[in-house]
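Contents: one structure, followed by commentary.
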């Protein structure tokens, strides 16, 4: 598995200890990371929409989702990943707008840190610089230099992990060797179908096509609506604020998906929706879990905040025109 979270735990235990007291303070640190994730949601929302109100609505929706503080009480990758992921996107959007090589290098380093906590984010890497290459094709050399700075910083941070794997395993491992999440996500019960894990990415893809050929209806339903229900609609064990969490989740999910779909039709802002939907589709390729849906909530909240702000502005304009 990737080393990000184990290194985070090692650092925290080095500072606070590994006894009950130390574990308590790790949860306190994770609580702080959750609060910073809410703040980063506001910053990213303001960056993308150029509206203070959209960022404020987005961070309120995330703050009202009790699943985030609930999960910060457990030693799981979620809390650290949400923070590093949102920090990366904030820095990347800043680099995208300012177009300085050092900002792109910092974004590349943060991207590697996030991927080393959870590799799923790596799926968006081909789509990060395509819009920049298209919109700024007249100054292609500068854009390529920024992309090289991004990739170079990524490799620099990942290099110790790659060297370690070469020394201890005798082979190159990019992120992790696990393929069972893909295999386990091919059906609600893969063992009941008599399937065996092929142990490789391409083997699982072939197995998916085999299931689509043999059981097209059931497989399509499971890979779409079935997983959607598990990822987004099943409640996480929140002991307090259940009603508020449910309300915030539904507003975020449905308005966010609608907002993301609308943004997909806007040429200048389309890249944000493309990156989001590619990232969203990646979760449908692995075994579903309600915890996996939370990584999309900050982005959905931003799309929802942008949509709400846009609708309010249109209503105000219509009233102003009616009174004129």
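Numbering (this note's numbering), first residue to last: 269 to 592. Backbone N, C-alpha and C define an ideal beta-carbon position, used for all residues, glycine too. Every value quoted in this text rests on a predicted model; they were computed, and no experiment measured them.
What is the rounded straight-line gap between the Cα of residue i and the Cα of residue j?
i           : j           : result
residue 542 : residue 477 : 25 Å
residue 514 : residue 495 : 18 Å
residue 333 : residue 361 : 25 Å
residue 463 : residue 456 : 12 Å
residue 249 : residue 575 : The chain is shown only over 269 to 592; residue 249 falls outside these bounds and no answer can be derived.
residue 566 : residue 433 : 34 Å
residue 276 : residue 469 : 28 Å
residue 408 : residue 509 : 50 Å
residue 289 : residue 300 : 17 Å
residue 498 : residue 471 : 25 Å
residue 281 : residue 271 : 15 Å
residue 397 : residue 481 : 36 Å
With 8 Å as the threshold, decide whether the Cβ of residue i is near any Cβ in chain D.
i           : result
residue 293 : Note that chain D does not occur in the displayed structure, where there is just one protein chain.
Return the chain-ordered list of same chain residues with a C-beta closer than 7 Å to the C-beta of residue i, the five sequence neighbours on each side being excluded.
i           : result
residue 335 : 504, 506, 513 and 562
residue 442 : none
residue 302 : 336, 337, 340 and 347
residue 453 : 553, 554, 555 and 556
residue 517 : 333
residue 564 : 548
residue 444 : 269, 270 and 387
Less than 8 Å between the CB atoms is what I'm expecting for residue i and residue j, so what's the real figure, rounded?
i           : j           : result
residue 326 : residue 376 : Actually they do not touch by this definition, with Cβ atoms about 25 Å apart.
residue 525 : residue 461 : Not confirmed; about 31 Å, so no contact.
residue 400 : residue 364 : 6 Å
residue 440 : residue 430 : 6 Å
Check whether the Cβ atoms of residue i and residue j lie closer than 8 Å to each other.
i           : j           : result
residue 227 : residue 353 : Nothing can be reported for residue 227: it is not among the residues displayed for the chain, which extend from 269 to 592.
residue 540 : residue 316 : yes
residue 570 : residue 305 : no
residue 577 : residue 321 : yes
residue 421 : residue 493 : no
residue 313 : residue 573 : yes
residue 484 : residue 475 : no
residue 425 : residue 380 : yes
residue 382 : residue 356 : yes
residue 269 : residue 446 : yes
residue 273 : residue 385 : yes
Near residue i, which residues of its chain fall below 8 Å by C-beta distance, leaving aside the five closest residues on each side in sequence?
i           : result
residue 395 : 539, 542, 543 and 546
Under 7 Å: does the beta carbon of residue i sit that close to some heavy atom of the ligand NAP?
i           : result
residue 568 : For the structure depicted, the ligand NAP is absent and the ligand set is empty, with no information on it obtainable.
Counting only the same chain and skipping the five closest in sequence on each side, list residues whose C-beta sits under 6 Å from that of residue i.
i           : result
residue 414 : 369 and 372
Original post:
Enumerated in chain order, which unbroken segments of the alpha helix (DSSP H) with a length of 4 residues or greater are wholly contained in the region 383-440?
Top reply: 398-403 and 408-437
message = For a minimum of 4 consecutive residues, which ranges assigned as the alpha helix (DSSP H) are wholly contained in the region 452-484?
response = 469-482
**Report entry** In chain order, each alpha helix (DSSP H) run of at least 4 residues that lies wholly inside the region 517-585
**Finding:** 538-551 and 558-561
Query raised in the report: Which runs of the alpha helix (DSSP H) spanning at least 4 residues fall entirely within the region 288-361, listed in chain order?
Result: 288-317, 320-331 and 335-339
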